[in-house]
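Below is one structure; the comments refer to it alone.
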Amino acid sequence: MSAEERHGPAGPSPEAARVVEPEPPGVALPPTPPGPAAPGSRAPDAGHRAERMLPGGSEWTFDLIARYDREIARIAAHYGLDTYPNQIEVITAEQMMDAYASHGMPVGYTHWSYGKHYLATEQTYKRGQMGLAYEIVINSNPCIAYLMEENTMPMQALVIAHACYGHNSFFKGNYLFRTWTHADSIIDYLVFAKRFVAECEQRYGELEVERVLDACHALANHGVDRYKRPNKRSLAQEQARLKEREAYLQQQVNDLWRTLPRRPGEETEEARPRTFPAEPQENLLYFVEKHAPLLAPWQRELVRIVRKVAQYFYPQRQTQVMNEGWATFWHYTILQTLYDEGRVSDAFMLEVLTSHTNVLTQPGFDSQRYGGINPYALGFAMFRDIRRICETPTDEDRAWFPDIAGSDWRRTLDFAMRNFKDESFIAQFLSPRLIREFRLFCLVDDDAETTRRIGAIHDESGYRRVRELLSRQYALGEREPDIQVVSVDLEGDRSLTLRHFRRDRRPLAPECETVVKHLAQLWGFTVKLETQAEDGRIIPVHECRMEPRQRRVAGSAVTSALRGVGR
Amino acid sequence: MSDIIDRRGNGRRKSAGNQQRFLKRYKAQVREAVARAVAQRKIADTDRGGNVTIPARDLGEPSFSLGPGGVRTRVLPGNKEFVTGDKLPRPQGGGGGSGSGKAGDSGESEDAFTFALSREEFLEFFFEDMALPDLVKTQLAQIPQVKLRRGGYRSDGTPSNLSIVRTMRESLARRIALAAPYRAQLHEVDEAIAAERRKLAATTPVAPPVAEDGSPPTDTRRLDALLAERDRLLARIARVPFIDEFDLRYNNRVPQPRPISQAVMFCVMDVSGSMDENRKDLAKRFFILLHLFLTRHYERIEIVFVRHHTTAAVVDEDGFFHSRESGGTLVSSALELTAQTIRERFPLDQWNVYVAQASDGDNWESDCPKCHRLLVEELLPRVQYFCYVEIDAAQPQSLWEQYEAARAGVRNLALGRIMTRADVYPVLRELFARKQRLAA
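Protein sequences, first through last, are from chains A and Y. Start counting the first sequence at 6; every next residue gets the next number (the working numbering). Start counting the second sequence at 47; every next residue gets the next number (the working numbering).
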């Protein structure tokens, strides 16, 4: 639910942005016209200069924030940014660390891993290894943005432009967020989840709940629907359907695992599918929730909660470059417009630009500070580049982007923001010019060869290859292993078989064994993990055996299910 | 329009519950880490929170991910001299800076997880296996309170501390001072009016009530002007505010520390060969606990470390815990040195003396009577409390018997035999109980 804004991979500390001393207002800027003028236009009129200029200085007040926000909103509206209403909340550094620990969620269920994240954040922050985020913004309606009280006024303005208008419009416009997240109901759902988990802890014990949540967290990345669209539900509906669903689900499960002999002539064995599931299932948590034989209703609901939260974060993991690039592009454009209108001072702009450039640093691959491609830098450069292609295209741009070269930049940018994710955005819009600017090249590391080789560089023959590879680098399917449920042994030992579809001979990391163990806890029976090689061979990887006595049964519904099984 | 909300006053530490879960889950590791930290710290430093480090491998959150191997293709920025088809050797062991940075996608490189524990959390883990009663725990963990005492008045404070009498006094003084010039003028005007009235009274009977031109006589005009001036002055005086912000006075309360006193704590330990690391650890816990106790009751505490084998020496803390000698043991040498140090450096009218002695009980048979004499004649009359622990000894040793004998009729001698950490506290129990009675 949050786009977590760690400004800059190297974490420029907030202090870094405070080098510029504030300057009294109305000193250095050219005067500007009174009355409603189009943003961006400049016309001298000495009489109204002082009243147009927003108060300067580095101290912020609530009144000042409101005034800056009004100005920024005016310019954002002028550029046609469509946003949810904003809710700006000022918090302390400690509260910011709290928010970090829970992925920025304002409410969340209790789990030790969040405590661990808090302690780790606190440690690095106190040692000065990392500056805190200047802001966190939550994809909700109204859109909640946190500002830190330590920031100076120029920083607050930067953050408002970045989060409240940049990210906010992205949340509202991008197709992935529109499809997968419900900004209206997410806070309600989290409140429901928190209560439900607390209730379960009271009734069944913290340990039991923790065991289920641990297992679910391990599978969270494989607990999302990639293609099927979820339904809308409000809190009230959610609660009303809870009871009904519990009863219904349990009945389904019991039915699936029925072992009572059938009366002759009632149904033939052929009516049941020989293999289950009929098709491989990629959403492991969904599969567990619907089909695990031994889970109690409350455990199923916990699985569901983790799954839904994972689903909520799913778009954010796929739109990092775009989201950050978009927000950075707009804070830059909006504040630059404010400056051009003569509403902010040179000192203000210098401070903004200092931290802006800090965030956009992209160290080379051989630098000590290199930590991957900076999504802020790449995204910002791409949106700027699209604008350039629209406004002043070169021959190269006309050849590569015939459809957008020379078009209206605002419309093109809007189209790009709405209809792409990182993967497709890069495949569609990365221009040769940017590839040259970033001096991108690709490195092929094949463990079958003795050396690594350079696959392509930023030259005529390499542009397409580099662009394709960079795009693939941002595809979730490339970053995470493709693991699916292929079969359940219905007639025999009820074991569940997972299959990893291998690509490029890349194996699973060894910790997959722990994850399989977690899954076996949920499933209640043996879980096998196998790899399907590129040539179709099946290689067993790991098997977690579940003996009957290891099963920990909770809840009476399960015992009745067991009775049906005739253990 | 955006809503702007100030949330700074909202709950801090919203994830405190999550942290508790974390500490609970990794209790064993944290306890071990705290024990390790205690072993490294100086006795006087135990009473603080601090960083503890636990192995990161235990607290991973696993997920399915891709491991090293196979064909990896990465796009990197900042090419300088490569062209397509170049071959690069693989870096060996990751170091050496051979020109290619590792992509930062595998962040699990740290093998230790370090985090900060607050003072309370730290002490809780420290106390845990020492089997301290809750009352004692809270007594030790609490930060010494100061008493608030009246200390005059100040010009800012909370409304509940407003001193009304003082405030009104200030107000009155200010009103008098501010109105003084007007009152002086008023006085003059009053006199002028009176004079004018007298003048008018003297002239009116002969003058016609109204002049021919219909205007009042000049004389009345002057009186009217004076009356108007008088009204103006009265209004001016009335405008002096009855009470103003800088009249406000608040009761000032200054924190007063408890009566300042100082104590010296002698740590006496046998460092002969038979004291191994485990015994030293137990001894250290014993010393720490006594020190914690003393910090609760004394403003300033000095620690003197006396180690001994056949001869005794005053050493620093490091030399005390981390040196090893061999040879025989003469406990009397340490007692003698202690008594001598007290005589020379710590006059009894200024210092409270506590002695904690730890030993494995080994002593030369012929030395024991001398110890008994030193204890009873030299030390016990001078010290507040003398506690002796015999660590990890299978059966009471010769020294124990001597001390046991000295115990009769003496209130400030405590003896204990320690096998595990939980045995440490009972030795000091009486000390704690006595102080509680005194405090009550």
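Note that the Cβ used here is the ideal one computed from N, Cα and C, for glycine as well.
Query: Interface positions of the region 502-530 of chain A facing chain Y (Cβ-Cβ less than 7 Å), listed along the chain; Result: Asp509, Arg510, Arg511, Pro512, Leu513, Ala514, Pro515, Glu516, Cys517, Thr519, Val520
Query: CB contact check: alanine 149 of chain Y to chain A, cutoff 8 Å; Result: With a pLDDT of only 36 at alanine 149 of chain Y, under the threshold of 50, the placement of this residue in the model should not be trusted, and no figure is reported.
Query: Below-8 Å beta-carbon distance, arginine 196 of chain Y vs any chain A residue; Result: no
Query: Cβ of proline 101 of chain Y within 8 Å of any chain A Cβ; Result: no
Query: Continuous beta strand (DSSP E) stretch holding glutamine 169 of chain A: start and end; Result: Note that residue 169 of chain A corresponds to cysteine in the displayed sequence, not to glutamine. Run containing cysteine 169 of chain A: none; DSSP gives neither H nor E here.
Query: Residues of the region 442-463 of chain A with Cβ closer than 9 Å to any Cβ of chain Y, in chain order; Result: Phe443, Arg444, Leu445, Phe446, Cys447, Leu448, Val449, Asp450, Asp451, Asp452, Ala453, Glu454, Thr455, Thr456, Arg457, Arg458, Ile459, Gly460, Ala461, Ile462, His463
Query: Neighbour-count burial assignment, alanine 106 of chain A, 16 or more Cβ in a 10 Å radius; Result: buried
Query: N- and C-terminal bounds of the alpha helix (DSSP H) containing proline 437 of chain A; Result: 437-443
Query: Neighbour flag for histidine 579 of chain A against chain Y, beta carbons, 8 Å; Result: Nothing about residue 579 of chain A can be reported from this structure: the residues present for chain A run from 6 to 572 only.
Query: C-beta contact flag for valine 314 of chain A and leucine 290 of chain A at 8 Å; Result: no
Query: Limits of the unbroken alpha helix (DSSP H) element including lysine 193 of chain Y; Result: Element bounds for lysine 193 of chain Y: not the alpha helix (DSSP H) but the beta strand (DSSP E), 193-200.
Query: Distance CB(alanine 162 of chain Y)-CB(asparagine 64 of chain Y) smaller than 8 Å; Result: no
Query: Test item: CB-CB of valine 470 of chain Y and leucine 383 of chain Y under 8 Å; Result: no
Query: For asparagine 297 of chain Y: DSSP bridge partner residues; Result: Y:Tyr199
Query: Min CB distance leucine 124 of chain A to chain Y below 8 Å; Result: yes
Query: Rounded C-alpha distance that separates serine 46 of chain A from glycine 85 of chain A; Result: In this prediction, serine 46 of chain A has a pLDDT of 45, which is less than 50 and means its spatial position is unreliable; nothing more can be read from the coordinates.
Query: Phenylalanine 392 of chain Y beta carbon less than 8 Å from that of lysine 326 of chain Y; Result: no
Query: Delimiting residues of the alpha helix (DSSP H) encompassing aspartate 345 of chain A; Result: 325-345
Query: Under 8 Å (Cβ pairs) to chain A, residues found in the region 453-467 of chain Y; Result: none
Query: Whole runs of the alpha helix (DSSP H) within the region 368-405 of chain A, excluding any shorter than 4 residues; Result: 380-396, 400-405
Query: Cβ shell of arginine 208 of chain A (< 8 Å), same chain only, five flanking positions each side left out; Result: Trp303
Query: Backbone secondary structure at isoleucine 289 of chain Y - three-state DSSP; Result: coil
Query: 8 Å Cβ cutoff met for isoleucine 431 of chain A and leucine 475 of chain A; Result: yes
Query: Span separating the alpha-carbon of arginine 246 of chain A from that of aspartate 193 of chain A; Result: 15 Å
Query: Where glutamate 94 of chain A meets chain Y, residues with beta-carbon distance less than 7 Å; Result: Ile51, Arg53
Query: Glutamate 94 of chain A - DSSP class collapsed to helix/strand/coil; Result: strand
Query: Buried or exposed by the 16-neighbour rule on C-beta atoms within 10 Å, applied to methionine 465 of chain Y; Result: exposed
Query: Unbroken beta strand (DSSP E) run spanning lysine 199 of chain A, endpoints; Result: Taken as a continuous stretch (DSSP letters only), lysine 199 of chain A belongs to no beta strand (DSSP E), being part of the alpha helix (DSSP H) at 191-209.
Query: Alanine 396 of chain Y, DSSP secondary structure in three states; Result: A small fix is needed here, since residue 396 of chain Y is glutamine in this sequence, not alanine. Correct three-state label for glutamine 396 of chain Y: coil.
Query: Cβ-based neighbour list, valine 326 of chain A, same chain, cut-off 6 Å, excluding 5 preceding and 5 following; Result: Pro380, Leu383, Gly384, Asp427
Query: Beta-carbon proximity list for phenylalanine 443 of chain A, same chain, < 6 Å, skipping 5 on both sides; Result: none
Query: Residue-level contact to chain A via CB, serine 164 of chain Y, 8 Å cutoff; Result: no
Query: For alanine 514 of chain A, the residue or residues it bridges with in DSSP; Result: Answer by DSSP bridge pairing: none, since alanine 514 of chain A is not bridged.
Query: Backbone secondary structure at arginine 72 of chain A - three-state DSSP; Result: helix
Query: Beta-carbon gap between threonine 531 of chain A and serine 500 of chain A smaller than 8 Å; Result: yes
Query: Listed by chain order, chain Y residues near isoleucine 544 of chain A by CB distance under 8 Å; Result: By Cβ distance, chain Y contributes nothing, its closest Cβ being about 13 Å from isoleucine 544 of chain A, past 8 Å.
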